[in-house]
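> Once you've had a glance at the structure underneath, I'll fire off some questions.
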Amino acid sequence: MKNRTSLIAYIISITILILYFYLNYNNLYIEIHDNLDQHFGWYKLLSDNNAWFAESNEVIPHMGGTSRGLYLPETQLVNIIFMIFTPLLAHCILIIIKFTIGYFSFIALSNYIFSEKNIPNIYISLIAISFALTSGNENLYIAQASIPLILYLYLKYINEKKLIILTSIFLYPILSELTRFGMFILIFMSMHFLYLLYHKDQKVRYNIISIITLSIGYLIIEYRLILSTVLSSEDTIRKTMLVSADGNFFKVLISSILNGQYHFSIHTYIFIPFLLYLLYLKIKEKVSIPKEMYLLAAIIIFNYFIYTIYTVTNINYIFWDIVTPLSGWNFSRFIWFNPFFWHLLILSLLAYTHRKANRHVIIVFLTLQILFTISYPRYGNDFYQTIKCNYFTTCENNLSYNEFYSIDFFNNLKKEIAYKENERVIAFGIHPSIIAYNGMFTMDGYHNAYYQSYKNKFRRLIKPGLEKSEKYTAYFDNWGGRAYIFSEESNYAPHRTQNQTPVELPIDFQVAKDMRIKYVISNDPIIANENLELKGTYTSPKAPYKIRVYEIVD
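Quick note on this note's numbering: the sequence shown kicks off at 234 and runs consecutively.
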């Protein structure tokens, strides 16, 4: 009966997900930041150039020609999905797989930890649904959803010491990612090592074996990252990034508790009242809870604290100076684990208080949390954006997947200008990923770890624009992940209302010629000059763009 409840809850949830994709497939809204403006373009680039399994030093026609090793590895499940299927279909399959992994791994962990607590399975299922639906960065969805799985495997191994479980730990990095999840998992395991060592627990030897095994797994899966960045003699922009300390400590701390960090946010407006209700029951009924629950709460607070001091101080530079191979590594991302830890904390309290609680109150709280998860506007909540923009309003500053890339429109445009393979272009007033996705060799783009040498070269190209904008100078020089043609007069973010006023193209044309850039693909009219020749203006009823193609002439 217990497994039946979980299975029914899963079938209902998956049916709703499939129905959602079926009804909205041609008008799906997908988070643009870090997804459509970056990773989806990479998926298409690697597929179009048959480069998924290419040598790490093979050049990809993107951002001046970037090494294959600096792009996504072919060894992770999320990338395998996009390798097999077209990007939009892969997106739908990824969400379903992410939900499935998140749901069943959370249930497996819950049943393993609290097998003797007889928690009503409907409670576990509702919490698992909430966790599995948590939004975030799409390329890291499976890494996020599989956190309960690695904890389950780790606990099961140090308790049962079975080789098959250790093998599963070794293979786990296929679901994860090293720099943004794996390193933190290894740190948490190392913290447990200290805990076991302090208590002289014999499990410490199996903890060490787990850490070594998981580390080897990550190194193998992330071999491209290791070869192209860690072991490379050429620096990436991570080495020169500057992070400005900003904000009041207590304001940032309170905000992080209420909202989390935007990439993997958990808004605790439902969970905090629910937590207080369960704590009230604990105190009123004098329920005893184990010290591990206090440690779990302490870990959540620790993660918030690390994120806060990273945000409001310059402690990161001290760390980077001490551990130079990790220069640029954002160690504040401990906070990305808090969505999972919050769900686990709620479940842990329920395990000890559910007999004293009102069943209807618990179900109402958990149902509200699920509804809040899918309906609150936040980063990565594609359900909210799709329903809102398709059924309730016209979204001026958001585009559906098909609108954003406008594949047929750009295919016709390439035919009109007789575009030849590997002719170099730059985008203006539009995300370069749109152009790259549609098969053009973009010299601009978005990459958070490309080589510093190309950043220096690209800066010479956009120097005239940077000289006119302190905002974009700081944005590019301090970070540089977006190598765009910046202008205060032009907006590369999506917008449906077209700009009709001609603007200056703020680039050094001699540098552009030296870089062999042939075309400017612009969503804005550009002020005429002797370096540009208008090839044509292109529109389509199905595309939200009015593209002007300019050729750079001698």
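Where a beta carbon is used, it is the ideal one built from N, C-alpha and C, also for glycine.
#1: Going by DSSP, what residues sit across from Ile695 in a beta bridge?
#2: Helix or strand or just coil, what does DSSP make of Leu475?
#3: Just to confirm before moving on: does the CB-CB distance between Leu599 and Leu359 stay below 7 angstroms?
#4: For a minimum of 4 consecutive residues, which ranges assigned as the alpha helix (DSSP H) are wholly contained in the segment 473-514?
#5: So, does the segment 762-772 touch the segment 633-652, judging by three or more C-beta pairs under 8 angstroms?
#6: Note down the Cα distance separating Leu578 from Tyr243, rounded to an integer number of angstroms.
#7: According to DSSP, Val736 sits in a beta bridge with which residue or residues?
#8: Residues in the same chain with beta-carbon distance under 7 angstroms from Ile534, minus the five sequence neighbours each way, listed in chain order, please.
#9: Classify Gly480 as buried or exposed, calling it buried when 16 or more other Cβ atoms lie within 10 Å of its own Cβ.
#10: Please state if the CB of Val485 and the CB of Thr544 are separated by a distance shorter than 7 angstroms.
#11: Give the DSSP bridge partners of Ser289, in chain order.
#12: Does the distance from the C-beta atom of Ile334 to that of Ser343 stay below 7 angstroms?
#13: For the structure I just gave you, are there three or more beta carbon pairs, one from the segment 285-300 and one from the segment 673-686, closer than 8 angstroms?
#14: Assuming Arg781 and Ser755 form a contact by the criterion Cβ under 8 angstroms, report the distance between their Cβ atoms to the nearest whole angstrom.
#15: In the DSSP assignment, the alpha helix (DSSP H) including Arg592 goes from what residue to what residue?
#16: Which stretch, first to last residue, makes up the beta strand (DSSP E) that contains Lys519?
#17: Bridge partners of Ala716, per DSSP?
#18: For a test of the three-state rule: what should DSSP assign to Lys768, helix, strand or coil?
#19: Nearest-angstrom Cα distance between Val786 and Val744?
#20: Indicate the three-state DSSP secondary structure (helix, strand or coil) for Val782 in the structure shown.
#21: Exposed or buried, Asn683, counting other C-beta atoms within 10 Å across all chains shown (16 or more means buried)?
#22: Could you tell me the boundaries of the alpha helix (DSSP H) in which Arg438 lies?
#23: Which two residues bound the contiguous alpha helix (DSSP H) that contains Phe315?
#24: Give every residue of the same chain whose Cβ lies closer than 6 angstroms to the Cβ of Val437, excluding the five residues on either side of it in the sequence, and list them in chain order.
#25: If you pair each beta-carbon of the segment 721-732 with each one of the segment 629-648, do three or more pairs fall below 8 angstroms?
#26: By alpha-carbon positions, which one of Asn547, Gln685, Lys688 and Ile503 ends up nearest to Thr606?
On the basis of the coordinates in this document:
#1: According to DSSP, which records beta bridges pairwise, Ile695 is partnered with nothing at all.
#2: coil
#3: yes
#4: 482-492
#5: yes
#6: 22 angstroms
#7: Ile759
#8: none
#9: exposed
#10: yes
#11: In the DSSP output, where bridge partners are listed per residue, Ser289 has none listed.
#12: no
#13: yes
#14: 5 angstroms
#15: Arg592 to Ser608
#16: It is not in any beta strand (DSSP E) - Lys519 carries neither H nor E in the DSSP assignment.
#17: Gly678
#18: strand
#19: 13 angstroms
#20: strand
#21: Residue identity differs from the one stated: residue 683 is Tyr in this sequence, not Asn. Per the 10 Å Cβ criterion, buried.
#22: Val437 to Ile454
#23: Leu310 to Ile317
#24: Leu429 and Leu430
#25: yes
#26: Ile503
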